[in-house]
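These notes are about the structure you will find just below.
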Amino acid sequence: MTTTTKPVRVRFAPSPTGDLHVGGARTALFTYLYARQHEGAFILRIEDTDQARYDEASINSITASLRWLGLDWDEGPDIGGPSGPYFQSERLELYREHVDRLLAEDYAYECYCSPERLAELRDEQRKAGRPPGYDRHCRNLTDEERQAKRDEGIKPVVRLKVPLDGATSGLDLLRGPITFENAKLEDAVLLKSDGFPTYHLAVVVDDKEMGITHVTRGEEWIPSMPLHLILWDAFGWERPVFAHMPVILKPDGKGKLSKRDGAASLLALRDEGYLHEAVVNYLAMVGWAYDDHTEIFSMDDLIEKFSLERVSPSPARFNYDKLEWMNQHYINHIVDVDDLAARVVPLLVSEGLVDSVPEGSDTEKLVIEAVGLIKDKMKFLTEGPDLISYFLAEPPDYDTALLVPRKTEPDAALRGLKAARDVIAEIGVEDEEAVEARLRALAGEVDLKVGQLFMPIRVAVTGRTASPGLFETLRVVNKERSLARMDRAIAKLEGYEAVAAD
RNA sequence: GCCCCCAUGGUCUAGCGGCCUAGGACGCCACCCUUUCAAGGUGGAGAUCGCGGGUUCGAAUCCCGCUGGGGGUACCA
168 MTTTTKPVRV RFAPSPTGDL HVGGARTALF TYLYARQHEG AFILRIEDTD QARYDEASIN
228 SITASLRWLG LDWDEGPDIG GPSGPYFQSE RLELYREHVD RLLAEDYAYE CYCSPERLAE
288 LRDEQRKAGR PPGYDRHCRN LTDEERQAKR DEGIKPVVRL KVPLDGATSG LDLLRGPITF
348 ENAKLEDAVL LKSDGFPTYH LAVVVDDKEM GITHVTRGEE WIPSMPLHLI LWDAFGWERP
408 VFAHMPVILK PDGKGKLSKR DGAASLLALR DEGYLHEAVV NYLAMVGWAY DDHTEIFSMD
468 DLIEKFSLER VSPSPARFNY DKLEWMNQHY INHIVDVDDL AARVVPLLVS EGLVDSVPEG
528 SDTEKLVIEA VGLIKDKMKF LTEGPDLISY FLAEPPDYDT ALLVPRKTEP DAALRGLKAA
588 RDVIAEIGVE DEEAVEARLR ALAGEVDLKV GQLFMPIRVA VTGRTASPGL FETLRVVNKE
648 RSLARMDRAI AKLEGYEAVA AD
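Heads up: the first sequence runs through residues 168 to 669, numbered per this note's numbering.
Shown next as structure tokens:
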């Protein structure tokens, strides 16, 4: 047996009606992974056939989202390719030609019914408890009747002439065979009266013209698969492989996740401080698993190990908790510190913490060190500026009470702080071990528990009660600034005592 | 209403007839580590594998029905 395997060509074909959301992103990811794994082509095609819902800004938003995720396309907008153009609005001729062919071969017919009549029809059907659907009023018009309508100036739509009986079945890669009774199918519109194709026509013609071998798309397209199958067959083309990705549901499971669900937009996730690696990894794990325990996958891992056949056909809920965990895991353990710091830098600038961070500058070194210290507390990139702020600038004023640990008297905190200040002044902060040894010893000398001594120092130097380890913090803040901040804290405490004494 | 898809702890899943007294992860709880907060480590609670029938020596795994959930039902994609 000779198996001639055609080179894989797959596509992601969004319609420009809004931002890319997680459902679409996952479909794009799986499609991309399949292409890369089989060294095939990943094509981006813009399905802009709905003039009413067209939103120009969304094209940039979608491409930016895909690029952010690292899903680079081989053919598509901007870069072109051998099967272009990649905007359906620029392929109208092609659809017209194909519709004419269907018309000539009696696989389609012109329909002159007005939108009003169709709406009325649906109303009646609903009222009568009948399933809504086109009544095929124009399916058997005579040439004379058609000419009469044309003479009235009515612009027809073209409808698919679905077989009245029998069944249409096709194979879904994840689900196996799916069969539909033709009698339940509609004579769907293929070409609208404005000359634009509907999705059904355009997707089939373009998938054929672009040599698509595997049709990957969301599960919501399963109901229209028979229509597409009928078209592929009518044209006499060899059907591609179909693989419908399960929908992603809202966290509560009630309905599919939509653009209205806040962070469902990829750009929103990016702006909220998610790493693209984490988002990719998480999305891959929704509906797919490699084995019973591996869950951290880089893009390269996924390209190597992903398998379309192993995608689960059942819908999954979007779990923000898990995504958050994944994000934090990447920040804490996967992405290296230099890289992480580089991603925090733009945020530092936009937050006004620094004017700029030139490459190789001391500021850059400081940022890298600071990020290294705080990264285990960082869940989102956007938390970076706040978490490292006291390494870059003086901490804003804080409540003096923070300097006094629980079960500690203000004068005890003051006593410890003064003693610690002198120690730092004497031995500096560079040798963390030495500082720790001296300060631990100091605690006993001034009759304080280590916590009671360390916390006031921490608050003095960082302006907050949570920070990285005290000694590394002191070192990176540096001796001079640490001392100044401790002096400031001492002054605050002295004033505080005076007030408290009143 | 009609058509289609799906069904393992709260969630994401492993499992594709005997390795399952069902494994992993998130979340939750406890403990450990500890100068704070995290991170990390250990342990725990949590699933009669939606229900009912079959098939089989044997079913979470195969078949049928039911129920539940989801999707579709436009001159939108």
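All C-beta atoms in this analysis are idealised placements derived from N, C-alpha and C, irrespective of residue type, glycine included.
Exercise for the section: Rank 650, 360, 336, 309 by C-alpha distance to the C-alpha of residue 216 and give the top, closest one. Expected result: 360
Handout entry: Reduced DSSP secondary structure (H/G/I, E/B, other) of residue 557
Key = helix
Exercise for the section: Can you grab the Cα-Cα spacing for the pair residue 492 / residue 272, in whole Å? Expected result: 57 Å
Exercise for the section: Report yes if the CB atom of residue 226 is closer than 8 Å to the CB atom of residue 279, and no otherwise. Expected result: no
Practice task
Please name the residue in 281, 536, 641, 373 whose C-alpha comes closest to that of residue 211.
Solution key: 373
Practice task
Inspect the CB distances between the segment 576 to 594 and the segment 607 to 624 and report whether three or more fall short of 8 Å.
Solution key: yes
Exercise for the section: Pick out whichever of 244, 370, 623, 412 has its Cα sitting closest to the Cα of residue 583. Expected result: 623
Problem - Reference residue 281, options 183, 316, 399, closest by Cα - result: 316
Exercise for the section: List the residues that DSSP assigns as beta-bridge partners of residue 432. Expected result: 188
Exercise for the section: Please list, in chain order, all residues of the same chain as residue 196 whose beta carbon is under 6 Å from its beta carbon, the five residues on each side excluded. Expected result: 450
Exercise for the section: Answer yes if the segment 626 to 641 comes into contact with the segment 538 to 546, meaning at least three C-beta pairs across the two stretches below 8 Å, and no otherwise. Expected result: yes
Practice task
Could you tell me the distance, in whole angstroms, from the CA atom of residue 422 to the CA atom of residue 262?
Solution key: 34 Å
Problem - When 590, 324, 198, 434 are compared against residue 605, the one with the closest alpha-carbon - result: 590
Practice task
Thinking residue 638 and residue 603 are a contact (beta carbons under 8 Å), I'd like their distance in whole angstroms, please.
Solution key: 5 Å
Exercise for the section: Could you check if residue 246 is buried or exposed, using at least 16 other CB atoms within 10 Å of its CB as the buried criterion? Expected result: exposed
Exercise for the section: Report yes or no: do the segment 384 to 397 and the segment 326 to 340 share at least 3 C-beta pairs separated by less than 8 Å? Expected result: yes
Problem - Contacts around residue 151, its chain only, beta-carbon distance under 7 Å, and the 5 residues preceding and following it disregarded - result: The structure shown does not extend to residue 151, since the chain is modelled only from 168 to 669, so the question has no answer here.
Problem - Meets three-Cβ-pair contact criterion under 8 Å: the segment 179 to 196 and the segment 431 to 441 - result: yes
Problem - Contact belief for residue 469 with residue 200 at Cβ below 8 Å, rounded distance in angstroms - result: 5 Å
Exercise for the section: In the DSSP assignment, find the unbroken beta strand (DSSP E) run with residue 275 in it and report its ends. Expected result: 275 to 278
Exercise for the section: Please work out which residues of its chain come closer than 7 Å, Cβ to Cβ, to residue 560, disregarding the five sequence neighbours upstream and downstream, and give them in chain order. Expected result: 520
Problem - Selection from 389, 277, 260 that minimises the alpha carbon distance to residue 309 - result: 277
Handout entry: Cα-Cα separation between residue 658 and residue 428, rounded to whole angstroms
Key = 50 Å
Handout entry: Where the beta strand (DSSP E) containing residue 339 begins and where it ends
Key = 334 to 339
Problem - Start-end ranges of the alpha helix (DSSP H) lying completely within the segment 577 to 652, minimum 4 residues - result: 577 to 594, 599 to 612, 617 to 629, 637 to 644
Problem - Proximity below 8 Å, CB of residue 511 to CB of residue 534 - result: yes
Problem - Three or more C-beta pairs below 8 Å linking the segment 397 to 417 and the segment 479 to 486 - result: yes
Practice task
Quick one: grab the DSSP three-state call for residue 382.
Solution key: strand
Exercise for the section: Please say whether residue 356 and residue 381 have beta carbons closer to each other than 8 Å? Expected result: no
Handout entry: From 254, 236, 194, residue whose alpha carbon lies closest to that of residue 218
Key = 254
Handout entry: Length of the line joining the Cα atoms of residue 575 and residue 630
Key = 18 Å
Exercise for the section: Look up residue 169 in the DSSP assignment and say whether it is helix, strand or coil. Expected result: The predicted model places residue 169 with a pLDDT of 45, which falls under 50 and marks its position as unreliable, so this point remains unresolved.
Practice task
Look at the Cβ atom of residue 650, then the Cβ atom of residue 592, and state whether they are nearer than 8 Å.
Solution key: yes
Practice task
Could you have a look at residue 669 and say whether DSSP puts it in helix, strand or coil?
Solution key: With a pLDDT of 48 at residue 669, under the threshold of 50, the modelled position of this residue cannot be trusted, and the question is left open.
Exercise for the section: Just tell me which of 573, 568, 598, 643 has its CA closest to the CA of residue 660. Expected result: 568
Practice task
Just mark residue 367 as buried or exposed, buried being the case when its beta carbon has 16 or more other beta carbons within 10 Å.
Solution key: buried
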